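As structure tokens, the structure follows; a few thoughts come after it.
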Amino acid sequence: MSELSTVLRAWRDRTRPEEVGLPTIPGRRTPGLRREELAALATVSVDYIVRLEQGRARHPSAQTVAALARALRLTDEEVDHLYQVAGLAAPRGHVVPQHISPGVRRMVDRLGDVPLAVFTATWDIIHWNGLWAAISGDPARRQAIDRNVVWRHFTDHFPDVSYDDIHREEFSEDLVADLRAARARYPDDRDLRELVARLRATSVDFDARWGRASMSVHKSSRKVMTTSVGPIAIDCDVLTAPGSDLRIVVYTTAPGSEDEQRLELLRVVGTQTLV
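Its first residue numbered 1, the sequence shown is counted upward by one per residue in UniProt numbering.
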């Protein structure tokens, strides 16, 4: 058995389902996560988890290690060790962090009755709840760069989202400013450099805004989401956690409104399509 397989199995065994938002089922043979549950949380195959724990897969990608660390809710020190035993350099200092600390996880869990998602400093989505998937589309169905908010905003303009010209302009400026700030904080992040280069080559709008080098601060905004139960007007707020570059995006509706009623219906329907 390799050190990677040993620590992965140990951390899976210690992680209780209720800690990661899964129901506790009576009669479980182990208090920890099943392989199937870890695979679902990390969006990898069950077979790959088996091969990792049996030592038959020894070199997972950095993306897979990051997903496993988030799923298992590892501490910063444990994340470093997981990268080390996987033969990878720990993502420190000049690379955009993608780890969600246990404290941020607990914060997100307590906000779980509203649509919410967690993003990195470069607006890559790394965690979301079921209601977010229902109202915004399931990020698990998107691949690589299509999970990045800046890329989608400047290339396909989120066809299921509408907002007025003022909010569109503010949002565009905010996203470009966020990427510029991230470039300054993480100059060695290759993925970030490639993202900016692709955006400048693909979007005339982004390239022009990047050239102006303007800075801005995120504000609350209102937009209308097209969903399976009809349009829902939502207020969008961006929260930050102390000592972290992560962004927690929360959607809420006006109390007593028709939008609130539709959101409640969407909570029941989920990602199903109504006929």
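Beta carbons: idealized from backbone N, C-alpha and C, even for Gly.
Remember, it's a predicted structure, so these values are computed and weren't measured experimentally.
Can residue i and residue j be called in contact, C-beta distance under 8 Å?
i, j, result
"residue 173", "residue 209", "yes"
"residue 6", "residue 33", "no"
"residue 123", "residue 175", "yes"
"residue 35", "residue 25", "no"
"residue 192", "residue 177", "no"
"residue 224", "residue 236", "no"
"residue 95", "residue 245", "no"
"residue 8", "residue 78", "no"
"residue 100", "residue 126", "yes"
What is the rounded straight-line gap between the Cα of residue i and the Cα of residue j?
i, j, result
"residue 211", "residue 196", "12 Å"
"residue 84", "residue 73", "17 Å"
"residue 258", "residue 116", "20 Å"
"residue 268", "residue 251", "17 Å"
"residue 19", "residue 169", "39 Å"
"residue 151", "residue 142", "12 Å"
"residue 128", "residue 112", "10 Å"
"residue 145", "residue 186", "18 Å"
"residue 256", "residue 103", "32 Å"
Would you give the residue range spanned by the beta strand (DSSP E) that residue i belongs to?
i, result
"residue 48", "Element bounds for residue 48: not the beta strand (DSSP E) but the alpha helix (DSSP H), 46–53."
"residue 31", "Taken as a continuous stretch (DSSP letters only), residue 31 belongs to no beta strand (DSSP E), as it is neither H nor E."
"residue 221", "221–227"
"residue 187", "Premise fails: residue 187 is in no beta strand (DSSP E) and is neither H nor E."
"residue 20", "Segment: none, residue 20 is in no beta strand (DSSP E) and carries neither H nor E."
"residue 247", "247–252"
"residue 231", "230–240"
"residue 127", "125–128"
"residue 119", "116–119"
Buried or exposed: residue i, going by 16 or more other Cβ atoms within 10 Å of its Cβ?
i, result
"residue 12", "buried"
"residue 98", "buried"
"residue 166", "exposed"
"residue 120", "buried"
"residue 61", "exposed"
"residue 10", "exposed"
"residue 70", "buried"
"residue 328", "Nothing can be reported for residue 328, as the shown portion of the chain is limited to 1 through 275."
Tell me which residues share the same chain as residue i and place their Cβ nearer than 8 Å to its Cβ, disregarding the 5 neighbours each side in the sequence.
i, result
"residue 140", "43 and 133"
"residue 266", "131, 134, 135, 227, 228, 229 and 232"
"residue 160", "136, 137, 225, 226 and 227"
"residue 46", "35, 36 and 39"
"residue 65", "82, 83, 86 and 88"
"residue 153", "171, 172 and 175"
"residue 30", "13"
By Cβ distance, which residues of its chain are closer than 7 Å to residue i, with the 5 residues on each side in sequence left out?
i, result
"residue 274", "Residue placement at residue 274 is flagged as unreliable, the pLDDT there being 44, under the threshold of 50; the coordinate-derived value follows with that caveat. 228 and 229."
"residue 263", "232 and 253"
"residue 58", "2 and 4"
"residue 147", "124, 125 and 139"
"residue 105", "73"
Counting only the same chain and skipping the five closest in sequence on each side, list residues whose C-beta sits under 6 Å from that of residue i.
i, result
"residue 221", "167 and 236"
"residue 90", "80 and 83"
"residue 21", "none"
"residue 68", "42"
"residue 242", "none"
First and last residue of the alpha helix (DSSP H) that includes residue i?
i, result
"residue 153", "149–155"
"residue 104", "102–110"
"residue 70", "62–72"
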